[in-house]
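*Asks:*
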Amino acid sequence: MLQSLCGITVAVIASVVSVEFSGKPLFKTEGSKVNGSRQEKSILEFSTLQVLPEGENLAFIVSGANGRQYLIGSREPRFPVINYSDTAGSPSGDAAIRTYKITHLAQKSALPCIL
Numbered sequence: 051m052l053q054s055l056c057g058i059t060v061a062v063i064a065s066v067v068s069v070e071f072s073g074k075p076l077f078k079t080e081g082s083k084v085n086g087s088r089q090e091k092s093i094l095e096f097s098t099l100q101v102l103p104e105g106e107n108l109a110f111i112v113s114g115a116n117g118r119q120y121l122i123g124s125r126e127p128r129f130p131v132i133n134y135s136d137t138a139g140s141p142s143g144d145a146a147i148r149t150y151k152i153t154h155l156a157q158k159s160a161l162p163c164i165l
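Each number in our numbering comes from the position in the sequence shown (counting from 1) with 50 added on.
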């Protein structure tokens, strides 16, 4: 994270699993100062047919339409908080879908990265 605060792009050297999403995902970052220190909050929301592993500290790589990639979370604390809700689908045949909301708080939450 400190590298990213200095403007260095973080290299991700780990196995990556792609998650297929339905609809339009939402990714936003908000920043503020708390007690004179920088704090950033990233929010990632998406719907998918896949179920993410539970009980594990996950990190997420977000790829934007402009080609830039951002890392949310890492193997070190503060881990992202993962909330989800399930929708059964409509009687007309829509698939049951799970919507995730990932929230991460840190000095720098969305780290520019490369794979």
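Beta carbons are placed, not taken as given, at the ideal position from N, Cα and C, and that holds for glycine.
Pairing CB atoms from the region 78-87 with CB atoms from the region 98-108, are three or more of them under 8 Å?
*Replies:* As far as the Cβ criterion goes, the region 78-87 does not touch the region 98-108, which means the pair count is below three.
*Asks:* For the beta strand (DSSP E) containing residue 80, list its first residue and its last residue.
*Replies:* Numbered from its first residue, the sequence shown carries residue 80 at position 30. From DSSP, the beta strand (DSSP E) with residue 80 extends over 72-84.
*Asks:* Please classify residue 142 as buried or exposed, where buried requires at least 16 other C-beta atoms within 10 Å of its C-beta.
*Replies:* Position 92 of the sequence shown holds residue 142. Under this definition residue 142 is an exposed residue.
*Asks:* If you follow the beta strand (DSSP E) that residue 95 is part of, which residue opens it and which one closes it?
*Replies:* Position 45 of the sequence shown, counting from 1, holds the residue named residue 95. Segment 87-98, the beta strand (DSSP E) holding residue 95.
*Asks:* What is the residue span of the beta strand (DSSP E) that residue 148 lies within?
*Replies:* Position 98 of the sequence shown holds residue 148. Per DSSP, residue 148 belongs to the beta strand (DSSP E) from 147-156.
*Asks:* Distance check for residue 128 and residue 140, CA to CA, integer angstroms please.
*Replies:* If you number the sequence shown from 1, residue 140 lands on position 90. If you number the sequence shown from 1, residue 128 lands on position 78. Their backbone Cα atoms lie some 37 Å apart in a straight line.
*Asks:* So residue 160 is in the beta strand (DSSP E); what residue range does that whole segment cover?
*Replies:* Within the sequence shown, numbered from 1, the residue matching residue 160 stands at position 110. Its beta strand (DSSP E) spans residues 160-164.
*Asks:* Helix, strand or coil for residue 68 per DSSP?
*Replies:* The sequence position of residue 68 within the sequence shown is 18, counting from 1. Residue 68 falls in the coil class under three-state DSSP.
*Asks:* Return helix, strand or coil for residue 136, following the three-state DSSP convention.
*Replies:* Counting from one through the sequence shown, the residue named residue 136 turns up at place 86. Residue 136: strand per DSSP, three-state reduction.
*Asks:* DSSP three-state call for residue 129: helix, strand or coil?
*Replies:* Sequence index remark: in the sequence shown, residue 129 carries index 79 (1-based). Residue 129: coil per DSSP, three-state reduction.
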